[in-house]
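Enquirer: Structure in structure tokens, see below.
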Amino acid sequence: MRARTQLGRPVGASGEQTRRRIIVATMKCVAEVGYAKATIREIARMADMTSASLYNYFPNKSELIKAAIAARTDTAMPRLRRAAQRPGNIVDRIEAVLEESGQLMREYPDLAAFEFAIRAETVAARRTSRGQPKNPGFEAFREIIEGVVEDARQRGELGDHPDSRAVVAALYALVYGLTEVAATLPPEDYHAALGSAKVLVRGALFDQKAASP
């Protein structure tokens, strides 16, 4: 006789652990098939639970997607901001941000692909509006970079002729490129690129003599 399918909370699972597993599964599902094709049934399958069990945590797909976006914003961005505030010069602080980005990708391996999928959905929804569609995740990341660079400029870490806008643009391009690698290539390729980015920041993008306080 077959066991009945469990419809409630999985045995032995805490509410917070299960909620996190659902959010991770949501990111993975949206990253793989896109927002429109990500169904509650498929997300539940990826979370190794029934659809009925998932509904104990989220009443509908809209609330589930909101929770996944909030996890990205409320979890990732504060951690990146804290990394950017660590002591040291601009190189130390940018390296800290990159290292924290790598740790986030280990904890949420589909975070970058999810970000790009949501961004694509946002772009499609705003094609009729004027101007470029905004993306809170990337804009927040740019603000973090701008803060680090401005602090470095005020402390004289950018050399005799600092060009803050150029430095921000270069770092933002580097971070954006890493995010795209994380979204489209296997994790080992992303972490290899991340390692190269750290070398680039410390050895080529900044003159260590100029960056030293």
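If you read the sequence shown in numbering that gives the first Met the number 0, its first letter stands for residue 0, the second for the next number, and so on.
Where a beta carbon is used, it is the ideal one built from N, C-alpha and C, also for glycine.
On the criterion of 16 or more Cβ atoms from any shown chain inside 10 Å, does residue 159 qualify as buried, or is it exposed?
Expert: So residue 159 ends up on the exposed side.
Enquirer: Nearest to residue 200 by alpha carbon, out of 184, 182, 174, 189?
Expert: That would be 174, whose Cα lies nearest to the Cα of residue 200.
Enquirer: Quick one: measure Cβ to Cβ for residue 114 and residue 71, integer angstroms, because I've assumed they're closer than 8 Å.
Expert: Right, their Cβ atoms sit about 7 Å apart.
Enquirer: Which runs of the beta strand (DSSP E) fall wholly inside the region 5-79 and span at least 3 residues, in chain order?
Expert: Counting only runs of 3 or more, we get nothing.
Enquirer: At the level of alpha carbons, what is the spacing between residue 156 and residue 188?
Expert: Cα to Cα, residue 156 sits roughly 32 Å from residue 188.
Enquirer: Go to residue 98, then tell me how far its alpha helix (DSSP H) extends in each direction, as first and last residue.
Expert: Element bounds for residue 98: 89-106.
Enquirer: On the three-pair Cβ rule with 8 Å, is the region 22-40 touching the region 62-82?
Expert: Output reads yes: the region 62-82 touches the region 22-40.
Enquirer: Can you check which of these residues, 182, 22, 40, is closest to residue 118 by C-alpha distance?
Expert: It is 182.
Enquirer: What is the DSSP secondary structure of residue 186, reduced to helix, strand or coil?
Expert: Three-state result, residue 186: helix.
Enquirer: If you count every other CB in all the chains shown that lies within 10 Å of the CB of residue 47, and 16 or more means buried, which is it?
Expert: Exposed, by the Cβ-count rule.
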